[in-house]
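Q:
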Amino acid sequence: MTTTSDRQITTVVSDFLDAQKDAIVAQWAGSSFFRSVAQDSDQAAGDSAEVLRGVRRAIAAGQADNPGADGFNDLRSLLTALASQLDGNEGVSARTAVEVSELKQPLLRLWQEQADAELLTPGAVMLVGAVDTLRLVLVESALAAAKDTLAIQREQLSELSTPVIKLWDGVLAIPLIGTLDSMRSQVATESLLQAIMTQQAKVAILDITGVPTVDTMVAQHLLKTAMAARLMGAECVISGIRPQIANTMVQLGIDLGEVATRARLADALAYALHRLGLQVGSSPAGPGVL
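For the sequence shown, position 214 matches number 214 in full-length UniProt numbering, and the numbering has no gaps at all.
#1: Buried or exposed, going by whether 16 or more other CB atoms sit within 10 Å of the CB of G210?
#2: Note down, in chain order, each residue of its chain lying with its Cβ closer than 6 Å to the Cβ of P57, except the 5 sequence neighbours on either side.
#3: Under the three-state reduction of DSSP, which class applies to S48: helix, strand or coil?
#4: Could you tell me which residues DSSP puts in a beta bridge with T261?
#5: For the beta strand (DSSP E) containing G210, list its first residue and its last residue.
#6: Which of the three DSSP states, helix, strand or coil, is assigned to A173?
#7: Alpha carbon to alpha carbon, how far is A64 from S141?
#8: Could you tell me which of D42, L206, D148 and Y271 sits nearest to P163, measuring between CA atoms?
#9: Suppose you measure from the CA of D255 to the CA of D267; what does that come to, to the nearest Å?
#10: According to DSSP, I165 sits in a beta bridge with which residue or residues?
#11: Take D148 as the anchor and find which of T80, L265 and I174 has the nearest alpha-carbon.
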């Protein structure tokens, strides 16, 4: 339970932050931390004032040491934006350890000038604790922002690595390159199904020439994609079945069922054109589609 002395310190420190708001904001705005992330002095002052409001609210609630306090939670969006302007996670941690700590000095200097002797030490401890908590919240925000950015970049990379290509009217191909994990397989399937619906494709070719190995999990992904395409009204053909992959699949007992397979992408395209009622042959001018 909070004692009367604690409540008194909380009230006095909160009143101190209100009374010295302008002086604190002016000194914070000139600190290394706010100057390093602000576009200009006005933004530095605005960011400083918002941070001070959050810190003051946490202190007034008796939660100066609680990163989950409403006052600190109010600052998370701002701190995430500020953290995104710093140089990487390691840089954020190192810089905040020094630069955010600098915010203590103006507070303590003003507090020593204003506080009664009886409240001097406990009030200073409360202010220092609040700034330390602010630093912790900033680091948490920086790490969360970096994690979100990494997830977005990974998703974008997966989309770029699984393009859907139109080979002919009604024929699509998706070249799969590298190791197929669950996320890449899901992205490939969704991209292919969307393209089938958009272009009203009748045949979809899954080319695994660039897939180094095919195990049971990869085979299951291919079968699921073929089944999903069939539900969309398109037939799937798997191309790029090299001798070593064929041998591995036989040894593992992998059965692709009724899914058509071809050794080369060109053979798969010829099969797809045949399914559309077209024929691949030769003309006096050379090979072509008749």
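Ideal Cβ placement from N, Cα and C applies to all residues, glycine included. Predicted model only: the values in this text are computed from it and were never measured.
A: On the basis of the data shown:
#1: In the sequence shown, residue 210 corresponds to position 210, counting from 1. Classification of G210: exposed, given that the 10 Å Cβ count is below 16.
#2: If you number the sequence shown from 1, residue 57 lands on position 57. According to the sequence shown, residue 57 is Arg rather than Pro. Correct list, in chain order: G71.
#3: The sequence position of residue 48 within the sequence shown is 48, counting from 1. Three-state DSSP puts S48 in a helix.
#4: Stepping through the sequence shown from its first residue, residue 261 is reached at position 261. DSSP lists I238 as partners of T261.
#5: Locating residue 210 in the sequence shown gives position 210, where the first residue counts as 1. First-last of the beta strand (DSSP E) with G210: V203 to G210.
#6: Within the sequence shown, residue 173 is the residue found at index 173, counting from 1. In this structure, A173 counts as strand in the three-state DSSP scheme.
#7: By 1-based counting over the sequence shown, the position of residue 64 is 64. By 1-based counting over the sequence shown, the position of residue 141 is 141. Roughly 18 Å between the two C-alpha positions.
#8: Along the sequence shown, read from residue 1 onward, the residue named residue 163 stands at position 163. Shortest Cα-Cα distance from P163 to any of D42, L206, D148 and Y271 involves L206.
#9: Residue numbering aside, residue 255 sits at position 255 when the sequence shown is read from its first letter. Residue numbering aside, residue 267 sits at position 267 when the sequence shown is read from its first letter. Answer to the nearest angstrom: the Cα atoms are 20 Å apart.
#10: As a working note, residue 165 is residue 165 in the sequence shown. According to DSSP, which records beta bridges pairwise, I165 is partnered with A173.
#11: For the purposes of this step, residue 148 is taken as residue 148 along the sequence shown, with counting starting at 1. Ranked by Cα distance from D148, the options T80, L265 and I174 are led by T80.
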